[in-house]
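**Q** Here it is, the structure, as C-alpha cells.
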Amino acid sequence: MPESYWEKVSGKNIPSSLDLYPIIHNYLQEDDEILDIGCGSGKISLELASLGYSVTGIDINSEAIRLAETAARSPGLNQKTGGKAEFKVENASSLSFHDSSFDFAVMQAFLTSVPDPKERSRIIKEVFRVLKPGAYLYLVEFGQNWHLKLYRKRYLHDFSITKEEGSFLARDPETGETEFIAHHFTEKELVFLLTDCRFEIDYFRVKELETRTGNKILGFVIIAQKL
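Numbering (this note's numbering), first residue to last: 53 to 279.
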C-alpha cells in the first residue's frame, strides 16, 4: 500500500484547529479510559490528561506521535493525580487494541481527511469494536457549506476528481499544490455512518467550526453511544 499524505507530512503540520465542546464533560466519567483517534501532536489528549483522565492517543504519523510523547513529558502539563497520556502509531481502520478496551472515544475533524467512504465505515466499526458496551463516541466533523461561495465552488470544481459530493482538493495555501482530498459531510451522511455501524445518536448539534486555514464554517458536534 502506498504511503499516504498523513503518514509523510511533517507532524507539526497536522491540523488541530478545534477545541473540545463543553458537552463532552456531561458524558465523561472520572475513571474513563479514553481513546483519541487521529490525535496529531496530542493537543486534545494532553488537555484531557491534564483534567485527570487516562488517554491513549493514536495517529498514523510517527513524527506527530513523537511530538506528542515529548509534550506529555513536559513538567508544565499540570496533570491531576491519575491523569496520563500515552501515544501510539496506529492505523484507525485496523486498531491493535482488544475488544471493549475503552470507555470513551474522541474523534475531532478526523474523518474529513479520509477520502474513501468504505474506509470511513471501517474506522467507525473499529471504534465500535474497541469501545465497551454503553460507551460513547464524541465526534466533531465539518458539514457541507453549499451556501458559502468558496466551498460551493470547490465542491463543484473538484467533483470530477473526487467523485463524491462534498469532497474537494485541499491545497497548500502558499504553493497551490494539492495536499489531500478533504470531505465535508451532510447530517444524513453522518447519522447513517454511525447508525449503520450500530451506534445510537444521543446528542447532535450544528455548530460553527474553524478550519485549518481559519475559515468559519458550519459543522456537527455528535455524541453517539455503543448499545
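Every residue, glycine too, gets a C-beta built ideally from N, C-alpha and C.
Using DSSP's beta-bridge definition, name the partner residues of R257.
**A** Residue numbering aside, residue 257 sits at position 205 when the sequence shown is read from its first letter. DSSP output for R257 lists V273 as bridge partner(s).
**Q** Using only CA atoms, which one of K140, L103, A157 and L98 lies nearest to H275?
**A** Numbered from 1 along the sequence shown, position 223 holds the residue referred to as residue 275. Here residue 275 is Ile; the residue named in the question, His, does not match the sequence. For I275, the nearest C-alpha among the options comes from A157.
**Q** Would a C-beta distance cut-off of 8 Å place Q160 and L70 closer than the cut-off?
**A** If you number the sequence shown from 1, residue 160 lands on position 108. If you number the sequence shown from 1, residue 70 lands on position 18. Yes, these two residues count as a Cβ contact at 8 Å.
**Q** What residue range does the beta strand (DSSP E) around Y188 cover?
**A** Taking the first residue of the sequence shown as 1, we reach residue 188 at position 136. Taken as a continuous stretch (DSSP letters only), the beta strand (DSSP E) holding Y188 covers L183 to F194.
**Q** Is G109 near A123, with beta carbons less than 8 Å apart?
**A** Looking up residue 109 in the sequence shown gives position 57. Looking up residue 123 in the sequence shown gives position 71. No, Cβ-Cβ distance for G109 and A123 is not below 8 Å.
**Q** Name the two residues that bound the continuous alpha helix (DSSP H) containing K95.
**A** Stepping through the sequence shown from its first residue, residue 95 is reached at position 43. K95 to S102 is the extent of the alpha helix (DSSP H) around K95.
**Q** Which of the three DSSP states, helix, strand or coil, is assigned to L359?
**A** Given a span of 53 to 279 for the chain in the structure shown, any question on residue 359 remains unanswerable.
**Q** On the DSSP letters alone, give me the boundaries of the alpha helix (DSSP H) that F244 sits inside.
**A** Numbered from 1 along the sequence shown, position 192 holds the residue referred to as residue 244. Here the alpha helix (DSSP H) through F244 covers E239 to D248.
**Q** Would G92 pass as a contact of F139 if the rule is Cβ separation under 8 Å?
**A** As a position in the sequence shown, residue 92 is number 40, starting the count at 1. As a position in the sequence shown, residue 139 is number 87, starting the count at 1. No, the pair does not count as a contact, with Cβ atoms beyond the cut-off.
**Q** One question on the structure: do E217 and Y207 come within less than 8 Å of each other, judged by their Cβ atoms?
**A** The residue given as residue 217 occupies position 165 in the sequence shown. The residue given as residue 207 occupies position 155 in the sequence shown. Their beta carbons are under 8 Å apart, which means E217 touches Y207 by this criterion.
**Q** Considering only the beta carbon of each residue, do K176 and L245 sit closer than 8 Å?
**A** Looking up residue 176 in the sequence shown gives position 124. Looking up residue 245 in the sequence shown gives position 193. Per the sequence presented here, residue 176 reads as Ile, with Lys not at that position. Result yes, Cβ atoms of I176 and L245 sit closer than 8 Å.
**Q** For A137 and I117, I'd like the C-alpha separation in whole angstroms.
**A** Reading the sequence shown from its first residue, position 85 is the one you call residue 137. Reading the sequence shown from its first residue, position 65 is the one you call residue 117. Approximately 11 Å, taken between the alpha carbons.
**Q** Give a yes or no on whether the C-beta atoms belonging to A144 and I96 are separated by under 8 Å.
**A** As a first step, residue 144 is located in the sequence shown; it is residue number 92 there, counting from the start. As a first step, residue 96 is located in the sequence shown; it is residue number 44 there, counting from the start. No, these two residues do not count as a Cβ contact at 8 Å.
**Q** Between H150 and the rest of its own chain, which residues show a CB-CB distance below 7 Å, the 5 nearest in sequence each way excluded?
**A** The sequence position of residue 150 within the sequence shown is 98, counting from 1. Counting only Cβ-Cβ distances below 7 Å, and skipping sequence neighbours, we find nothing.
**Q** If I measure Cβ to Cβ from V166 and keep anything under 6 Å in the same chain, skipping five residues before and after, which residues do I get?
**A** Along the sequence shown, one-based indexing puts residue 166 at 114. For V166, where only same-chain residues beyond five positions count, the Cβ hits under 6 Å are R172.
**Q** Distance check for E85 and L183, CA to CA, integer angstroms please.
**A** The residue you call residue 183 lines up with position 131 of the sequence shown. The residue you call residue 85 lines up with position 33 of the sequence shown. Going from the Cα of L183 to the Cα of E85 covers about 10 Å.
**Q** Would D272 and F180 qualify as a contact pair, given that the criterion is a beta-carbon distance under 8 Å?
**A** Your numbering for residue 272 matches position 220 in the sequence shown. Your numbering for residue 180 matches position 128 in the sequence shown. The sequence shown places Phe at residue 272, rather than the Asp named in the question. No, Cβ-Cβ distance for F272 and F180 is not below 8 Å.
**Q** Have a look at V258 and R264 and give me their C-alpha separation to the nearest angstrom.
**A** Position 206 of the sequence shown, counting from 1, holds the residue named residue 258. Position 212 of the sequence shown, counting from 1, holds the residue named residue 264. Taking the straight line joining both Cα atoms gives about 19 Å.
**Q** If you drop the 5 nearest sequence neighbours on each side, which residues of the same chain put their C-beta closer than 8 Å to that of P54?
**A** In the sequence shown, the residue the question calls residue 54 occupies position 2. Per-residue confidence for P54 stands at a pLDDT of 45, beneath the threshold of 50, marking its modelled position as unreliable; no derived number is given.
**Q** Output the distance between the C-alpha atoms of V61 and Q277, rounded to the nearest integer angstrom.
**A** Taking the sequence shown and counting its residues from 1, one reaches residue 61 at position 9. Taking the sequence shown and counting its residues from 1, one reaches residue 277 at position 225. One C-alpha to the other measures close to 33 Å.
**Q** Across which residues does DSSP place V158 in a beta bridge pair?
**A** Taking the first residue of the sequence shown as position 1, residue 158 is located at position 106. In DSSP, V158 forms a bridge with D88 and Y190.
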